[in-house]
Each structure stands twice: as structure tokens, then as C-alpha cells.
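The sequence shown begins at 560 in the numbering used here and counts up one residue at a time. Positions of the beta carbon are idealized from the N, C-alpha and C atoms, including for glycine. This report refers to the structure that appears directly beneath it.
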Amino acid sequence: MRTTTKTATIGTAALAAAGLLLPLLGTVPAAAEDTRPTRAAVATADSGPAVPFGSHTFPYAAGTLKPSGTQSALDQAVIKTYNAWKSAFVKKNCGNGWYQVISPDADHPYVAEAQGYGMVVTATMAGADPDAKTAFDGMVKYVLAHPSVNNSNLLAAEQNASCKSVDGSDSATDGDLDVAYGLLLADKQWGSTGTYNYKDLAVKHINAIKKSEVNPTTHLMLLGDWSDSGESHYWMTRSSDWMIDHFRAFRTATGDSTWDTVRTAHQQLITSQQSKYASGTGLLADFVVNTNSTAKPASGEVLEGPNDGDYSWNACRDPWRIGTDAVTSGDSASLASARKLNTWIKSKTGGNPNKIVSGYHLNGSAFDSGNDMAFTAPFVVTALTDSGSQAWLDALWNKLATTSIDPDLYYGGSVQLQSMIVASGNYWVP
560 MRTTTKTATI GTAALAAAGL LLPLLGTVPA AAEDTRPTRA AVATADSGPA
610 VPFGSHTFPY AAGTLKPSGT QSALDQAVIK TYNAWKSAFV KKNCGNGWYQ
660 VISPDADHPY VAEAQGYGMV VTATMAGADP DAKTAFDGMV KYVLAHPSVN
710 NSNLLAAEQN ASCKSVDGSD SATDGDLDVA YGLLLADKQW GSTGTYNYKD
760 LAVKHINAIK KSEVNPTTHL MLLGDWSDSG ESHYWMTRSS DWMIDHFRAF
810 RTATGDSTWD TVRTAHQQLI TSQQSKYASG TGLLADFVVN TNSTAKPASG
860 EVLEGPNDGD YSWNACRDPW RIGTDAVTSG DSASLASARK LNTWIKSKTG
910 GNPNKIVSGY HLNGSAFDSG NDMAFTAPFV VTALTDSGSQ AWLDALWNKL
960 ATTSIDPDLY YGGSVQLQSM IVASGNYWVP
């Protein structure tokens, strides 16, 4: 779901769908999987978080870079950005004990994507923020009070200033993916014996995603639970919904091998789209069509605007998402895809992050001259994957760490913060 005002708004929900740096990380232990946070390590609901921010207990893949400087400096830069982000966007405007993330640059004050970001970020920052669990539970309460009309275990995509669901009250896939993932993080952090059974809610949400937001033929993500076999967007998928690490976490949480199939289908699509349509850049389109035959980038407007087939306001998140799976799983396909993106953007900008603009055709030519953190920040994650990119990584990190959160730009600020969490070594997969 795209949220910035620089893009066309969607008329109905059916159409909305300061740090210096560290050297290379050491070799990942042979039993790296066993060092991940487990149920046995989970704190009880009324104790502190099991994986407090800054604990760095989740090993990244061998050879992953990290921005230069002390780990403490990296962590403090993230905390500073988080505090500014929280102050700007985490609100209690709706009463009822609800917390919600406001999106002033979206076409509605509250969108599902924002609530998903809020839940993932808040659970991850527990330990640095003593009020993280209170805010998280308030977000859960808000989500549960705004179900999709099509599947009550999913979140309605948009709410107005009165906190009422609007535009059909159906879902947006990216928001649901992050809501489910945030609940899994919370289960590991605080256990599921408190006010909310996070694990049970997560599994219900994951199963609802499988039922209503995965195309059963292609195993690719649909745009929302409003898209069915009789609907024109059914053989279409949005690249910013291809969250490979989330699919891994869903497989672990549910034991459902469907998520292996889903993950593989998306990784194969990423690889093929890069090879066929962006061999020199690795860029992906906002929307891919014809998924039931020969999948290809959209040609002109199919949902949001004339750049639906370009690297625009949805796909700009792809380097962050693909790179995150690459560094947390070490998967060869994700690493290859991330490195393609990194190689291109480093060359395109001459190593200067200020030259990253807000929109590219898949051949790498720019169609917009603006700058926005939604486009700049994600490349800090792909830079982690290339041993020859330390100077480039440092330049990107310093750009992010010294750029203040703009309280009018929720989208770029949210992507900036989450990219910094990954780049600083503070991301983990439940």
C-alpha cells in the first residue's frame, strides 16, 4: 500500500490496496539457527523483554558489513531516530486505550501499513523504550477493533480522522504481513500469557493471510483480501509485499510448509524479474502483472498511477526487504538480488547518497528529481551484503543518522528508522 501524497490516491479500498562504524561481522556459528531467540528464552508477560534492543543476540550472515564505529554509537543513532519517530507518529488520538501510528502524508490519517510498522518497530525497540509493551498492546487493541469486512482476522486498510474504517473496510496485504510479524516478535519478547495471547493472534492472522491474501495458484501475494478470482487485479502482485523473512517466520510459527512454497515463489519471481527486465539495475516494478502466464512489469497505470511499472513509491522499499532477508538468512538468492541492487545504485550515484532520487525506470534512468528517505534509506541494507562497499555503506549510514525525522513525512521516516535498525545489527527474525 503506497501512502505518500506524491502519488495518486486510491478512490476505494478495492483500489487501495550518528555513528562511526564496525568491521565485518565474524563468521556465523555453525549452529546459528539455535542461537535465535526461542520460546525457552522468552520473558514472562510481566518481566522485561527477552530480546532487548541492543542485545545483538541474532547473528547476521557471515561476511555481512556493519557501519564503521562503535556498536554503542550505532545503537544510540537508532534510539535517537526512534524517539523522534515515536514523538511524531505514535498517537493516542482515538481513545479507547488505543495507540495508533498516524500517517499525515497518506490519503487517510491511519493506514494498515502504518500500524504494521508501528508494531514491528515497537516490539523491536523494547528495552530501549520502557513503554514499548504498553504502546504495543494499545496498537493490538486498535488493530482488533478495526477488522476487515472480508476476513475478521485481518486489518481494515484505512481509517479516517474519527478512527472509523473507510473505503470498503477491506485489507491491504503489506499491513497484515507486518501486523502478524509484529505479533510474533511480541510473543518472543514478552510471552503470550498477559493481556493478549500474541502467539495465538499471530497464527490467526497468518492463517487469514494465507486464506485471503495469497493467490492459491501462483502462491504470490494478492494486493488485499478484496482481490478474488473474479476481480481484475487477481493476477497481479506488488513487489513491496514480497517480505521473504516474514514468510520464513510464518513457517516457523505455524509449521505450515505452504510458507516455504510462498517464499520460494517470490524469490524465483524476484530473480526472474531482475534478469528479464532489469538486468543492469536489479530494480523491480511497483506492480507485476500476468502472474498466471508470463509475469512482467505493469505497463502504465494498473492501480495507482502511470509509474506502476517503474521503481516508484512501492518498490522503493524492496532493497530494505530483500536485503534484510539476505543478511538474516544468508540465502544465496536473496544475497544475489540484493547485490544487484547495491552494485547499480553505488555506480549510479558515484557513491553519493544525495544523488538517490525518488523514481527510476527499470533501466536505471530517473523519472523524478526529488529526494526522499523512502528511496534513500533502503539502500543502506543492500550495502551490507557487499564486502567492497564499506565506504558506500558508511556514507549511507551517516546520511540516515544525520537526517532528522520530518513529522510531516511518516512514510520516509518509517522506512528510514527500520532500515537503520537492520543496518545497525538490531534486527532479528522470530
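Do LEU843 and ASP877 come within 7 Å of each other at the CB atom, strictly closer than that value? A contact, by the Cβ cut-off of 7 Å.
Is THR944 buried or exposed, if buried means 16 or more other CB atoms sit within 10 Å of its CB? Classified as buried, THR944 has 16 or more neighbouring CB atoms from the shown chains inside 10 Å of its CB.
Leaving out five residues before and five after THR681 in sequence, what residues of the same chain have Cβ atoms less than 6 Å from its Cβ? Hits under 6 Å: ALA691, ALA694, PHE695.
Just to confirm my understanding: we take ARG898, look at its own chain, exclude 5 residues before and 5 after, and list those with CB closer than 6 Å. What are they? Listed in chain order, the non-local C-beta contacts of ARG898 below 6 Å within the same chain comprise THR944, ASP945, local neighbours out to five positions each way being set aside.
According to DSSP, simplified to helix, strand and coil, what is PHE846? In this structure, PHE846 counts as strand in the three-state DSSP scheme.
Please name the residue, chosen from ALA942, LEU862, TYR986, MET780, that lies closest to PRO626 on a Cα-to-Cα basis. It is ALA942 whose Cα lies nearest to the Cα of PRO626.
Look up LEU782 in the DSSP assignment and say whether it is helix, strand or coil. LEU782: coil per DSSP, three-state reduction.
Classify GLY909 as buried or exposed, calling it buried when 16 or more other Cβ atoms lie within 10 Å of its own Cβ. Exposed, because fewer than 16 other Cβ atoms sit within 10 Å of the Cβ of GLY909.
So the alpha helix (DSSP H) TYR932 belongs to, where does it begin and stop? Residue identity check: residue 932 is Met in the sequence provided, not Tyr. 932–935 is the span of the alpha helix (DSSP H), which, as asked, contains MET932.
Under the three-state reduction of DSSP, which class applies to LEU580: helix, strand or coil? The predicted position of LEU580 is uncertain, since its pLDDT is 31 and thus under 50; a value taken from the coordinates is nonetheless stated next. Correct three-state label for LEU580: strand.
Find out if the Cβ-Cβ distance for the pair ASP967, PRO663 is shorter than 7 Å. A contact, by the Cβ cut-off of 7 Å.
Does the distance from the C-beta atom of TYR970 to that of ALA933 stay below 7 Å? For TYR970 and ALA933, yes; Cβs fall inside 7 Å.
Which parts of the region 638–696 are runs of the alpha helix (DSSP H), unbroken and 4 residues or longer, counting only runs that do not cross its ends? Runs of the alpha helix (DSSP H) spanning 4 or more residues and lying entirely within the region 638–696 occur at 671–683, in chain order.
Using the beta-carbon count (16 or more within 10 Å), is LYS651 buried or exposed? Under this definition LYS651 is an exposed residue.
Could you check the C-alpha separation between ARG880 and ILE803 for me, to the nearest Å? Distance from the CA atom of ARG880 to the CA atom of ILE803, rounded to whole angstroms, is 7 Å.
First and last residue of the beta strand (DSSP E) that includes THR796? For THR796, the enclosing beta strand (DSSP E) has its first and last residue at 795–797.
Is the region 764–778 close to the region 809–820, with three or more CB pairs under 8 Å? The region 764–778 makes contact with the region 809–820, as at least three CB pairs between them are under 8 Å.
Going by C-alpha to C-alpha distance, which of ALA761, ALA895, ASN849 sits closest to LEU781? Closest by alpha carbon: ASN849.
For ALA808 and LYS835, what's the separation of their Cα atoms in angstroms? In a straight line, the C-alpha of ALA808 is about 29 Å away from that of LYS835.
By Cβ distance below 8 Å, which residues in the same chain neighbour VAL916 in space, the five residues on each side in sequence not counted? For VAL916, where only same-chain residues beyond five positions count, the Cβ hits under 8 Å are ALA925, ASP927, SER928, GLY929, ASN930, PHE934.
Whose C-alpha, out of THR616, LEU743, GLY864, is nearest the C-alpha of GLY675? Minimum Cα distance to GLY675 is reached at LEU743.
Around the Cβ of ASP845, are there at least 16 other Cβ atoms within 10 angstroms (buried) or fewer (exposed)? Buried, by the Cβ-count rule.
So, under 8 Å CB-CB, LYS763 and ASN712 are touching, yes? Tell me the CB distance rounded to an integer number of Å. About 5 Å separates the beta carbon of LYS763 from that of ASN712, a gap short enough to meet the 8 Å contact definition.
Taking all protein chains shown into account, decide if GLU790 is buried (16 or more other Cβ within 10 angstroms of its Cβ) or exposed. Per the 10 Å Cβ criterion, exposed.
Have a look at ASN957 and ASP759 and give me their C-alpha separation to the nearest angstrom. ASN957 and ASP759: Cα-Cα distance of roughly 40 Å.
Could you give the first and the last residue of the continuous alpha helix (DSSP H) run that contains MET802? MET802 -> no alpha helix (DSSP H), and no H or E assigned at all.
From VAL725, ALA716, THR754, residue whose alpha carbon lies closest to that of GLY555: No answer is possible for residue 555: it lies beyond the span of the chain, which begins at 560 and ends at 989.
According to DSSP, simplified to helix, strand and coil, what is SER627? Of the three classes helix, strand and coil, the one that applies to SER627 here is strand, per DSSP.
Verify whether the separation of the beta carbon atoms of THR883 and VAL940 is less than 7 Å. Going by C-beta atoms, THR883 is nearer than 7 Å to VAL940.
Coil, strand or helix - VAL762 by DSSP: In this structure, VAL762 counts as helix in the three-state DSSP scheme.
Can you give the Cα-Cα distance for LEU580 and GLN630, rounded to whole angstroms? With a pLDDT of 31 at LEU580, under the threshold of 50, the modelled position of that residue is not reliable, and no figure is offered here.
Residue burial classification, GLU863 (beta-carbon count within 10 angstroms, cutoff 16): GLU863 is buried by the Cβ-count criterion.
Would ASN710 and ASP800 be called neighbours here (beta carbons separated by less than 7 Å)? Cβ atoms of ASN710 and ASP800: not closer than 7 Å.
Delimiting residues of the alpha helix (DSSP H) encompassing PRO878: Run containing PRO878: 877–888, per the alpha helix (DSSP H) assignment.
DSSP three-state call for LEU943: helix, strand or coil? In the structure shown, LEU943 sits in coil (DSSP, three-state: anything other than H, G, I, E or B).
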